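Residue numbers (this note's numbering), protein chains in the order written: chain S, 75 to 500; chain L, 9 to 314.
Report on the structure given below.
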Amino acid sequence: MSAPEHLPDADNGLLRFLTCGSVDDGKSTLIGRLLYDTKAILADTLHAMARTSQKRGLDAVDLSLLTDGLQAEREQGITIDVAYRYFSTGTRKYIIADAPGHEQYTRNMVTAASSADLAVILIDARRGVLTQTKRHSTIAHLMGIPHLVVAVNKMDLVGYERAVFEKICADYRDFAAKVGIADVCFIPISALAGDMIVDRGERLGWYSGPTLLDLLETAVGAPAAHGAPFRFPVQYVCRPQRADDPLLHDYRGFMGRIESGEIAVGDAVTVLPAGRTTRIKDIQVAGVSQPLAIAEQSVTLLLEDDIDISRGDMIARSGALPQTRQAVRANLCWLSETPLDPRRRYLIRHTTRETQARLASIDSRLDIASLAHEAAAGLAMNDIAQVSFRLAQPIFADAYAENRATGAFIVIDAATNNTVGAGMVI
Amino acid sequence: MTTALLARPTLAHLDWLEAEAIHILREVAGQCANPALLFSGGKDSICLLRLAEKAFRPGRFPFPLLHIDTGHNYDEVIAFRDRRAAELGERLIVRTLADSMARGSVVLRTPDESRNKHQSVTLLEAIEEFEFDACIGGARRDEEKARAKERIFSFRDAFGQWDPKNQRPELWDLYNARAHRGENIRVFPISNWTELDVWQYIEREQLELPSIYFAHPRPVVRRNGLLQPVTPLTPARDGDRVETLSVRFRTVGDITCTAPVESAAAGVAAIIAETATTTITERGATRLDDQTSDASMEQRKKEGYF
Ligand SMILES: Nc1nc2c(ncn2[C@@H]2O[C@H](COP(=O)(O)OP(=O)(O)O)[C@@H](O)[C@H]2O)c(=O)[nH]1
Numbered sequence: 075m076s077a078p079e080h081l082p083d084a085d086n087g088l089l090r091f092l093t094c095g096s097v098d099d100g101k102s103t104l105i106g107r108l109l110y111d112t113k114a115i116l117a118d119t120l121h122a123m124a125r126t127s128q129k130r131g132l133d134a135v136d137l138s139l140l141t142d143g144l145q146a147e148r149e150q151g152i153t154i155d156v157a158y159r160y161f162s163t164g165t166r167k168y169i170i171a172d173a174p175g176h177e178q179y180t181r182n183m184v185t186a187a188s189s190a191d192l193a194v195i196l197i198d199a200r201r202g203v204l205t206q207t208k209r210h211s212t213i214a215h216l217m218g219i220p221h222l223v224v225a226v227n228k229m230d231l232v233g234y235e236r237a238v239f240e241k242i243c244a245d246y247r248d249f250a251a252k253v254g255i256a257d258v259c260f261i262p263i264s265a266l267a268g269d270m271i272v273d274r275g276e277r278l279g280w281y282s283g284p285t286l287l288d289l290l291e292t293a294v295g296a297p298a299a300h301g302a303p304f305r306f307p308v309q310y311v312c313r314p315q316r317a318d319d320p321l322l323h324d325y326r327g328f329m330g331r332i333e334s335g336e337i338a339v340g341d342a343v344t345v346l347p348a349g350r351t352t353r354i355k356d357i358q359v360a361g362v363s364q365p366l367a368i369a370e371q372s373v374t375l376l377l378e379d380d381i382d383i384s385r386g387d388m389i390a391r392s393g394a395l396p397q398t399r400q401a402v403r404a405n406l407c408w409l410s411e412t413p414l415d416p417r418r419r420y421l422i423r424h425t426t427r428e429t430q431a432r433l434a435s436i437d438s439r440l441d442i443a444s445l446a447h448e449a450a451a452g453l454a455m456n457d458i459a460q461v462s463f464r465l466a467q468p469i470f471a472d473a474y475a476e477n478r479a480t481g482a483f484i485v486i487d488a489a490t491n492n493t494v495g496a497g498m499v500i
Numbered sequence: 009m010t011t012a013l014l015a016r017p018t019l020a021h022l023d024w025l026e027a028e029a030i031h032i033l034r035e036v037a038g039q040c041a042n043p044a045l046l047f048s049g050g051k052d053s054i055c056l057l058r059l060a061e062k063a064f065r066p067g068r069f070p071f072p073l074l075h076i077d078t079g080h081n082y083d084e085v086i087a088f089r090d091r092r093a094a095e096l097g098e099r100l101i102v103r104t105l106a107d108s109m110a111r112g113s114v115v116l117r118t119p120d121e122s123r124n125k126h127q128s129v130t131l132l133e134a135i136e137e138f139e140f141d142a143c144i145g146g147a148r149r150d151e152e153k154a155r156a157k158e159r160i161f162s163f164r165d166a167f168g169q170w171d172p173k174n175q176r177p178e179l180w181d182l183y184n185a186r187a188h189r190g191e192n193i194r195v196f197p198i199s200n201w202t203e204l205d206v207w208q209y210i211e212r213e214q215l216e217l218p219s220i221y222f223a224h225p226r227p228v229v230r231r232n233g234l235l236q237p238v239t240p241l242t243p244a245r246d247g248d249r250v251e252t253l254s255v256r257f258r259t260v261g262d263i264t265c266t267a268p269v270e271s272a273a274a275g276v277a278a279i280i281a282e283t284a285t286t287t288i289t290e291r292g293a294t295r296l297d298d299q300t301s302d303a304s305m306e307q308r309k310k311e312g313y314f
């Protein structure tokens, strides 16, 4: 679905967010409503939706059909994976990760949350804060999503009562305080009627806060990436060695993306694992030199000194280095149907580095229903646990809570090559 | 330094998308032994080439360009393809559906059948011939419902099949391109771009496109609400009313299944203005073969379609 996006006047970048809720809380309707009210649904898509709604005997177009995906799911009538949707308001482009609500799909939510700057947590106004709400919030918190928005949906079914909304906010705040979630916004909405999504509607006059779209428009994207010290995992080394061009003969460019912080020509940097220090000679973006570069930019760095550097090395700001670790403690979400097996060979991919890993211990497992930490002998799909790994090669990591990019790793099963775990360094 | 950051703390949306795509291309280069970039002369793959320049210059591309030619392409597109590859000084490999037909691996039920879906066979044969472990393509998630869940690094088994239930979870920007011999990874660096993003990028980068992307007079007939170009491959049928309209193509592909849209847009800016207010999704407007069923793309992907 290509969106007839409005052309950006002032480009306020891009925001990635995720929606979560239990089945039938109205997630699909909410996304449909956002796309519809920002005019991101196109005529032929609307037409197909109308046809399907009719076939199913509905009289109005079912906005939730918009986020309907694959055949297998349609047969089962549930979403079973993460789907991505796009819309733009003219000032900002949005990527929505649509994560399913079904409780066995922790792994999908973890996947969707890993790259989100904001999470919208849906609560059915009639049902209030449920175990499921707590799970989703806990995962969002654990995954380091900077902004949480609690949207109390189906306000139309509770007569748009302020007291219902406020009771739910109070309940949620109690829970949030216990798990250490600090920054939450609450909005009463009706996804079906369109109240407080893009338009304010007429029936929630007692609420004076922002609409959902207002919040999305003003949320700061990826704040951690810009606040943390400079981290540059080397992806690829460019050595053209062109004899015909003396300028290129000695060219050695270190290519990668700035995962956090910023860098300027002349800055002192340290190369890990070598530990050698040097200065930035040049920063190139598509062959054009720039005096500085910021987080999330893909650049090529040239250094003052001739240092042997290859893929997997890390260039970091001198004096603010990540920790070199050969043993890591981490929160780990198990993603695979095959349970974790300490006898198997696993690989850990952290930034651009890959190393063999051995499970040293499972320290505790999070009971996602009671939110208690308990002892565990093994890990199955959707489990979240604190574990320790020993690594064949060191990684250069920060705590995930401080730096998502250099605190995150995936676990790969060396036999199947599948991605089986998502880890966050403690 | 801090003032500059305060003034512009984050990247504009196109810069962000560009940086992400470059990061993905460099991951392919870093992780895969023998990748290829699929280049059709179409606008999405033209963007890929610019992104590859930004990712790898002053070095050479760490992959050849590969075109699977159905033999049903507009001449302008093929000429453009060859010229662009030559300008870049990169290696272009062309494998044709005709080769597969000669080998007997592609059998058309009727001579004028759409060749689009048979491309997968020729692609798999090329993958086998050159032992490519990854193919980079210009598909986007916003093109089609079934693509919304596609991974950026999409795993295909030894038969080139995509199994929606057996895709690797993709977290953060940590991509897993590991594959056993014979298996293959398809990589989509512009997954997160919309059609409008592509056009805005083309404008910003002043990318040259084959002429059929811009409004030109062309004889067409109206069929099922779409315009069908009148060509030697797709002649007018009895009773058809042939009109010459000002049209442009939104995608370039097999002549028999790619429909133009009526347009007066002679330049990129005019196309952007049209795209920003368009009321038909790209594939809905232009793919004659996607109309059959809601699930047809998903079906074809399972069969190894790109
Ligand atoms: N009355 C009312 N019904 C709603 C609202 N939002 C969603 N629904 C209905 O709740 C049902 C489940 O919604 P859906 O979006 O499919 O939920 P999902 O499972 O979370 O994606 C559908 O019948 C919707 O029409 C709302 O704000 N008010």
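Ideal placement from N, C-alpha and C gives every residue a C-beta, glycine not left out.
Computed from a predicted structure; not experimentally measured.
Inset, instruction - Report yes if the C-beta of S:L231 is less than 7 Å from at least one heavy atom of ligand 1; otherwise report no. - result: Within the first sequence, the letter at position 157 stands for residue 231 of chain S. Flag set: Cβ of S:L231 near ligand 1.
Legend entry - Neighbouring residues, chain S, relative to L:K62 (Cβ below 9 Å): The residue you call residue 62 of chain L lines up with position 54 of the second sequence. Near L:K62 (Cβ distances below 9 Å), the residues of chain S are V359, A360, G361, S372.
Inset, instruction - Give me the Cα-Cα distance between S:T426 and L:A37, rounded to the nearest whole angstrom. - result: Position 352 of the first sequence, counting from 1, holds the residue named residue 426 of chain S. Position 29 of the second sequence, counting from 1, holds the residue named residue 37 of chain L. Their Cα atoms are separated by approximately 12 Å.
Inset, instruction - State the CB to CB distance for the pair S:A199 and S:K228, rounded to an integer number of angstroms; the pair is presumed to be in contact (CB under 8 Å). - result: Reading the first sequence from its first residue, position 125 is the one you call residue 199 of chain S. Reading the first sequence from its first residue, position 154 is the one you call residue 228 of chain S. Cβ-Cβ separation between S:A199 and S:K228: approximately 5 Å, consistent with a contact (criterion under 8 Å).
Inset, instruction - Kindly say whether L:E35, judged by its beta-carbon, lies nearer than 8 Å to any beta-carbon of chain S. - result: Walking along the second sequence from the start, residue 35 of chain L turns up at place 27. Answer yes: the Cβ-Cβ gap between L:E35 and chain S drops below 8 Å somewhere.
Inset, instruction - Report yes or no: do the segment 455 to 464 of chain S and the segment 405 to 413 of chain S share at least 3 C-beta pairs separated by less than 8 Å? - result: yes
Legend entry - Per-residue burial, S:F483 [other beta carbons within 10 Å of its own, 16 or more giving buried]: Here residue 483 of chain S corresponds to residue number 409 of the first sequence, with the count starting at 1. The residue in question, S:F483, is buried, as its Cβ has 16 or more Cβ neighbours within 10 Å.
Inset, instruction - Find the residues of chain S that neighbour L:N192, judging by a C-beta separation of less than 9 Å, and give them in chain order. - result: Reading the second sequence from its first residue, position 184 is the one you call residue 192 of chain L. Near L:N192 there are no residues of chain S at all, since even the closest Cβ is about 12 Å away, more than 9 Å.
Inset, instruction - Alpha carbon to alpha carbon, how far is S:S188 from S:A451? Give it in angstroms, no decimals. - result: Position 377 of the first sequence holds residue 451 of chain S. Position 114 of the first sequence holds residue 188 of chain S. Taking the straight line from one Cα to the other gives about 26 Å.
Legend entry - Euclidean distance between Cα positions of L:V269 and L:R89: Your numbering for residue 269 of chain L matches position 261 in the second sequence. Your numbering for residue 89 of chain L matches position 81 in the second sequence. Going by the C-alpha atoms only, they are around 23 Å apart.
Legend entry - Close beta carbons around S:A146, own chain, < 6 Å, minus the five adjacent residues each side: Stepping through the first sequence from its first residue, residue 146 of chain S is reached at position 72. In this predicted model, S:A146 has a pLDDT of only 46, less than 50, meaning its place in the structure is not dependable enough to derive any value.
Legend entry - S:G106 - DSSP class collapsed to helix/strand/coil: The count along the first sequence starts at 1 and reaches residue 106 of chain S at position 32. Helix at S:G106.
Inset, instruction - Report yes if the CB atom of L:A27 is closer than 8 Å to the CB atom of S:R331, and no otherwise. - result: On the second sequence, residue 27 of chain L is found 19 positions in, with the first residue counted as 1. On the first sequence, residue 331 of chain S is found 257 positions in, with the first residue counted as 1. When the beta-carbon positions are compared, L:A27 and S:R331 come within less than 8 Å of each other.
Legend entry - Between the CA atoms of S:D99 and S:R148 - distance to the nearest angstrom: The count along the first sequence starts at 1 and reaches residue 148 of chain S at position 74. The count along the first sequence starts at 1 and reaches residue 99 of chain S at position 25. A caution first: S:R148 carries a pLDDT of 47, below 50, which makes its placement in the model unreliable, though a value can still be read off. Spanning the two alpha carbons is a distance of roughly 18 Å.
Legend entry - chain S within 8 Å of L:P66, Cβ atoms only: Taking the second sequence and counting its residues from 1, the one referred to as residue 66 of chain L is at position 58. For L:P66, the answer is yes, since a Cβ of chain S falls inside 8 Å of its Cβ.
Legend entry - L:W24 classed as buried or exposed, judged by whether at least 16 other C-beta atoms fall within 10 angstroms: If you number the second sequence from 1, residue 24 of chain L lands on position 16. Buried is the call here.
Legend entry - beta strand (DSSP E) segment containing S:Q358, residue limits: As a working mapping, residue 358 of chain S is identified with position 284 in the first sequence. From DSSP, the beta strand (DSSP E) with S:Q358 extends over 350 to 359.
Inset, instruction - Give the secondary structure of S:P320 by DSSP, where H, G and I count as helix, E and B as strand, and everything else as coil. - result: As a position in the first sequence, residue 320 of chain S is number 246, starting the count at 1. Residue state, collapsed to three classes: helix.
Inset, instruction - State the start and end residues of the unbroken alpha helix (DSSP H) segment that holds L:A93. - result: For the purposes of this step, residue 93 of chain L is identified with residue 85 of the second sequence, where counting begins at 1. It spans 83 to 96 - the alpha helix (DSSP H) in which L:A93 sits, taken as one unbroken run.
Legend entry - contact_flag[the segment 60 to 76 of chain L, the segment 310 to 317 of chain S] where n(CB pairs < 8 Å) is 3 or more: Contact holds: three or more Cβ-Cβ distances are below 8 Å.
Inset, instruction - Pair every Cβ in the segment 287 to 299 of chain S with every Cβ in the segment 472 to 483 of chain S, then say whether three or more of these pairs are closer than 8 Å. - result: The segment 287 to 299 of chain S vs the segment 472 to 483 of chain S: in contact.
Inset, instruction - Look at the alpha carbon of L:A293 and the alpha carbon of L:R231, and state the distance between them as a whole number of angstroms. - result: Counted from its first residue, the second sequence places residue 293 of chain L at position 285. Counted from its first residue, the second sequence places residue 231 of chain L at position 223. Note that L:A293 scores 49 on pLDDT, short of 50, meaning its location in the model is unreliable; the coordinates nonetheless yield the value given after this. Rounded to whole angstroms, L:A293 to L:R231 spans 12 Å at the Cα level.
Legend entry - Limits of the alpha helix (DSSP H) - the one that L:F71 falls within: Locating residue 71 of chain L in the second sequence gives position 63, counting from the first residue. That residue, L:F71, is in no alpha helix (DSSP H); it is neither H nor E in DSSP.
Legend entry - Check: S:A267 C-beta below 7 Å from any heavy atom of ligand 1: Position 193 of the first sequence holds residue 267 of chain S. Under cutoff, so the answer is yes.
Legend entry - Cβ pair L:I280, L:W201 closer than 8 Å: Within the second sequence, numbered from 1, the residue matching residue 280 of chain L stands at position 272. Within the second sequence, numbered from 1, the residue matching residue 201 of chain L stands at position 193. For L:I280 and L:W201, no; Cβs fall outside 8 Å.
Inset, instruction - Could you check how far apart the C-beta atoms of S:R209 and S:I442 are, in whole angstroms? I think they sit under 8 Å. - result: Residue 209 of chain S sits at position 135 when you count from the first residue of the first sequence. Residue 442 of chain S sits at position 368 when you count from the first residue of the first sequence. With 8 Å as the limit, S:R209 and S:I442 qualify as a contact, their Cβ atoms being about 5 Å apart.
Inset, instruction - Answer yes or no: the CB of L:S254 versus the heavy atoms of ligand 1, is any distance below 7 Å? - result: Here residue 254 of chain L is taken as the residue at index 246 of the second sequence, counted from 1. No, Cβ of L:S254 sits at least 7 Å from all heavy atoms of ligand 1.
Legend entry - Same chain, Cβ closer than 7 Å to L:H21, five either side skipped, listed in chain order: Within the second sequence, numbered from 1, the residue matching residue 21 of chain L stands at position 13. The answer is none, since no qualifying residue turns up.
Legend entry - Own chain residues within Cβ distance below 7 Å of S:A265, not counting five before or after: Position 191 of the first sequence, counted from the start, is the residue given in the question as residue 265 of chain S. For S:A265, where only same-chain residues beyond five positions count, the Cβ hits under 7 Å are G100, T103, L104, R107, N227, I271.
Legend entry - Check: S:K101 C-beta below 7 Å from any heavy atom of ligand 1: Looking up residue 101 of chain S in the first sequence gives position 27. It does: the Cβ of S:K101 is within 7 Å (strictly closer) of some heavy atom of ligand 1.
Legend entry - 8 Å Cβ cutoff, S:Q309 in contact with chain L: Reading the first sequence from its first residue, position 235 is the one you call residue 309 of chain S. Answer yes: the Cβ-Cβ gap between S:Q309 and chain L drops below 8 Å somewhere.
Inset, instruction - Answer yes or no: does any C-beta atom of chain S fall closer than 8 Å to that of L:N184? - result: Numbered from 1 along the second sequence, position 176 holds the residue referred to as residue 184 of chain L. True, the Cβ-Cβ gap to chain S drops below 8 Å.
Legend entry - Complete runs of the alpha helix (DSSP H) confined to the segment 168 to 210 of chain S [at least 4 residues]: 180 to 188
Legend entry - First and last residue of the uninterrupted alpha helix (DSSP H) at L:M109: Translated into positions along the second sequence, residue 109 of chain L becomes position 101. Membership of L:M109 in the alpha helix (DSSP H) is indicated by the continuous run 105 to 111.
Inset, instruction - Using 7 Å as the cut-off, classify the Cβ of S:K228 as near or not near the heavy atoms of ligand 1, replying yes or no. - result: Looking up residue 228 of chain S in the first sequence gives position 154. The closest heavy atom of ligand 1 lies less than 7 Å from the beta carbon of S:K228.
Inset, instruction - For S:V184, verify whether its CB is less than 7 Å away from any heavy atom of ligand 1. - result: Locating residue 184 of chain S in the first sequence gives position 110, counting from the first residue. Outside the cutoff, so no.
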